[in-house]
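Residue numbers (this note's numbering): -15 to 117. Let me begin by presenting the structure, written as structure tokens, before commenting on it.
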Amino acid sequence: MIPLLITAWSVWRLARGLHADDWRRPGWFAHAAWVSLVITLIAWFRGLFSGGLDTEEACQYWHHQPYDETYRRAHLDDWSRLFPLSNKCNAGYDLVPVWVNPTVAVFSLAFVAALAGLVWTSANRLWRRRRAS
């Protein structure tokens, strides 16, 4: 519950900071990093647990797709990867929603960019303070 409140507050601060030109400050980039990390983790966990505990049951009863055990055994290494996520019932149907992998990729890059912005603005602020004194 607390991480969601922090995320909501961070989204509010991001929007307010864009309007007030606060995006040049380290705090704005810290909020951007937090929000992008949370979105990345939510999407990744959604994809990771897309089949639930019983993939065969999820395929047959929830998605009305035939479960192909032979195909899954032949592609066993696909299920153990961290990215891109995949959990196929058969050769033509994946339980991982199509939006999950692009979301993880885009917001992971946004997280790295926000961390770079945080480091850059913090170093720039520190350099200016030392130069002024």
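Ideal placement from N, C-alpha and C gives every residue a C-beta, glycine not left out.
Spatial neighbours of residue i in its chain, beta-carbon cut-off 7 Å, leaving aside the 5 residues before and after
| i | result |
| --- | --- |
| residue 48 | none |
| residue 3 | none |
| residue 32 | 69 |
Reference residue i, options the options, closest by Cα
| i | options | result |
| --- | --- | --- |
| residue 102 | -10, 17 and 0 | 17 |
| residue 145 | 99, 13 and 29 | Examination of residue 145 is not possible in this model, given that the chain is present from -15 through 117 alone. |
| residue 90 | 0, 33 and 21 | 21 |
| residue 119 | 25, 6 and 2 | Since the first residue of the chain shown is -15 and the last is 117, residue 119 is not available in this structure. |
| residue 92 | 23, 7 and -11 | 23 |
| residue 27 | 5, 68, 60 and 3 | 68 |
Same chain only: Cβ atoms within 6 Å of residue i, ignoring 5 sequence neighbours per side
| i | result |
| --- | --- |
| residue 40 | 51 |
| residue 34 | 71, 79 and 80 |
| residue 77 | 49 |
| residue 36 | 42 |
Residues near residue i in its chain [Cβ-Cβ closer than 8 Å; skip 5 each side]
| i | result |
| --- | --- |
| residue 19 | -9, -6, -5 and -2 |
Alpha-carbon to alpha-carbon, residue j and residue i
| i | j | result |
| --- | --- | --- |
| residue 53 | residue 74 | 8 Å |
| residue 15 | residue 83 | 24 Å |
| residue 56 | residue 42 | 14 Å |
| residue -15 | residue 88 | 22 Å |
| residue 107 | residue 0 | 23 Å |
| residue 5 | residue 110 | 19 Å |
| residue 94 | residue 45 | 37 Å |
| residue 113 | residue -11 | 33 Å |
Beta carbon proximity, residue i to chain D, threshold 8 Å
| i | result |
| --- | --- |
| residue 2 | Within the model displayed, chain D is absent; a lone protein chain is all it includes. |
Practice problem: Write down every uninterrupted run of the beta strand (DSSP E) in the segment 31 to 76 whose length is 3 residues or greater and which is fully enclosed by it, in chain order. | Solution: 72 to 74
Quiz prompt | Three or more C-beta pairs below 8 Å linking the segment -2 to 12 and the segment 57 to 66 | solution = no
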